[in-house]
Amino acid sequence: MSQAAALYIVPTPIGNLNDISQRALETLQRVDLIACEDTRHTAKLLSHYQISTPTWALHDHNEQHKAEQLVGRLLNGQSIALVSDAGTPLISDPGYHLVNHCREAGVQVIALPGPCAAITALSAAGLPTDRFAFEGFLPAKDKARLDKLESLRDEGRTLVFYESPRRLLDTVEAIISVMGEARRLVVARELTKTFESIHSLPAGEMLAWLRQDDNRSRGEIVLMVAGHRPDGDALPAEALRTLALLRAELPLKKAAALTAEIHGVKKNALYKYGLDHLE
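For the sequence shown, the positions run 1396 to 1674 when this note's numbering is used.
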């Protein structure tokens, strides 16, 4: 039985091959074509599960051109699965242009749930998960990386990055220079694989720990940074009481602005306090 004509977004294991779902396997078996980031990499997964569906390379360098051809096949009634080398497609991987073309052409897009390194790491990190921001890869160049971190310095949500082994030390150094040595970091590497590790330390201690052993920077890495926490004790108690009273009747942004005028304190500090304690 073949799959209905549609584009299927199919997550694949990030390490342990047993983490693929039965639905994903059935979809890969039944579609007419599998669009993949690296055909050689995907071939290993397909061979392991004895799947013989044809594959087609779709990566950063050819996606915009190939997307039109794939949409043509979909409109002619074929079914296509999109996979990346590991995890959920489009999460710091190719696929956006294809999905966008499908939406514009009226082609059905069906997303399957499954493995994602960012979510797997976050769930075991011990950092707040009620609010988080996935930022993908930081810029490779030093100034651009520092500028990006500077823009995130006061972000209250947990920050989640992917990072390459060769840049991890430089990134931790940049975080220290922008956010300070006390900001808590979590380095998760080789998730679901034999040498999986998840390590949590303040940034200054993390840098020293990583420098002690090159192996601690190897493999697939998810780097998480605790969100900025404004010091509530530095805000006058009277201002905090006013903020709480106003917040009961007004949106937080307006309540923070009025409290700042009344007590002569920083509006941004009040707003961030409110996000952490009153929302």
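Just so it is clear, CB atoms sit at the ideal spot from N, CA and C, and this is done for glycine as well.
If you compare alpha carbons, which of Lys1538, Phe1556 and Val1620 is closest to proline 1523? Among Lys1538, Phe1556 and Val1620, the Cα nearest to that of proline 1523 belongs to Val1620.
Quick check: the Cα distance between aspartate 1609 and proline 1560, rounded to an integer number of angstroms? If you take the alpha carbons of aspartate 1609 and proline 1560, they lie about 9 Å apart.
Whole angstroms is fine: what's the gap from threonine 1437's alpha carbon to serine 1474's? Annotation: threonine 1437 to serine 1474 spans about 18 Å, alpha carbon to alpha carbon.
At the level of alpha carbons, what is the spacing between lysine 1461 and leucine 1638? Spanning the two alpha carbons is a distance of roughly 55 Å.
Taking the straight line between their C-alpha atoms, what separation do you get for threonine 1450 and alanine 1577? Taken atom to atom, the span from the alpha-carbon of threonine 1450 to that of alanine 1577 is near 48 Å.
What are the start and end residues of each continuous alpha helix (DSSP H) run of 4 or more residues lying completely inside the region 1404-1446, in chain order? Taking only runs of at least 4 residues, the alpha helix (DSSP H) segments lying wholly in the region 1404-1446 are 1417-1425 and 1434-1443.
Whole-number beta carbon distance between arginine 1540 and threonine 1515, since they are thought to touch under 8 Å: About 24 Å separates the beta carbon of threonine 1515 from that of arginine 1540, a gap too long to meet the 8 Å contact definition.
Helix, strand or coil for serine 1487? Go by DSSP, reduced to three states. In the structure shown, serine 1487 sits in coil (DSSP, three-state: anything other than H, G, I, E or B).
Boundaries (first-last residue) of the beta strand (DSSP E) holding arginine 1584: Residue range 1579-1584 is occupied by the beta strand (DSSP E) that includes arginine 1584.
In angstroms, rounded to a whole number, what distance separates the CA positions of leucine 1420 and threonine 1448? Straight-line Cα distance between these residues: approximately 11 Å.
Could you tell me whether the Cβ atoms of alanine 1476 and isoleucine 1429 are closer together than 8 Å? Cβ distance < 8 Å, so alanine 1476 and isoleucine 1429 count as in contact.
Backbone CA spacing between glutamine 1542 and valine 1573 [nearest angstrom]: In the sequence as displayed, the identity of residue 1542 is aspartate instead of glutamine. Computed Cα separation, rounded: 9 Å.
Beta-carbon spacing of glycine 1614, phenylalanine 1590 below 8 Å: For glycine 1614 and phenylalanine 1590, yes; Cβs fall inside 8 Å.
Rounded C-alpha distance that separates glutamate 1568 from alanine 1598: Their backbone Cα atoms lie some 8 Å apart in a straight line.
Go through its chain and collect everything with a Cβ distance to lysine 1538's Cβ below 6 Å, but skip five positions before and after it. Taken in chain order, the list of residues that qualify is empty.
Just to confirm, are arginine 1624 and aspartate 1671 a CB contact at a threshold of 8 Å? Closer than 8 Å, so yes.
Ignoring anything shorter than 3 residues, give me the beta strand (DSSP E) runs that lie fully in the region 1599-1648, in order along the chain. With a minimum length of 3 residues, the continuous beta strand (DSSP E) runs that stay inside the region 1599-1648 are 1616-1620.
Considering valine 1504, what are the terminal residues of the beta strand (DSSP E) in which it resides? Here the beta strand (DSSP E) through valine 1504 covers 1504-1506.
In three-state terms, what does DSSP make of leucine 1517? Annotated three-state conformation of leucine 1517 is helix, per DSSP.
For isoleucine 1657 and isoleucine 1486, the rounded distance between their alpha carbons: The straight-line gap from Cα to Cα measures roughly 45 Å.
If contacts are defined as beta-carbon pairs under 8 Å, then isoleucine 1616 and leucine 1563 qualify, I think. What distance do you get, rounded to the angstrom? 6 Å between Cβ atoms; contact.
Using three-state DSSP, classify leucine 1477 as helix, strand or coil. Per DSSP, reduced to three states, the secondary structure at leucine 1477 is strand.
Whose C-alpha, out of Asp1549, Leu1602, Ala1583 and Ser1592, is nearest the C-alpha of isoleucine 1571? Selection Asp1549, Leu1602, Ala1583 and Ser1592 evaluated against isoleucine 1571 yields Leu1602 as nearest (Cα-Cα).
Can you tell me whether glycine 1531 is helix, strand or coil according to DSSP? In this structure, glycine 1531 counts as strand in the three-state DSSP scheme.
Sequence ranges, alpha helix (DSSP H) only - wholly within the region 1541-1576, length at least 4: Segments of the alpha helix (DSSP H) lying fully in the region 1541-1576: 1563-1574.
Between the CA atoms of threonine 1407 and proline 1489 - distance to the nearest angstrom: Between proline 1489 and threonine 1407, the alpha-carbon positions lie close to 14 Å from each other.
Starting from the C-beta of aspartate 1414, find all residues in its chain whose C-beta is less than 7 Å away, skip the five residues before and the five after it, and write them out in chain order. Cβ within range, chain order: Pro1408, Pro1510 and Thr1587.
Pick helix, strand or coil for alanine 1400, following the three-state DSSP scheme. Look at alanine 1400 here: in three-state DSSP terms it is coil, with no helix or strand label.
Would you tell me roughly how many angstroms separate the C-alpha atoms of glutamate 1499 and leucine 1517, rounded to the nearest one? Glutamate 1499 and leucine 1517: Cα-Cα distance of roughly 33 Å.
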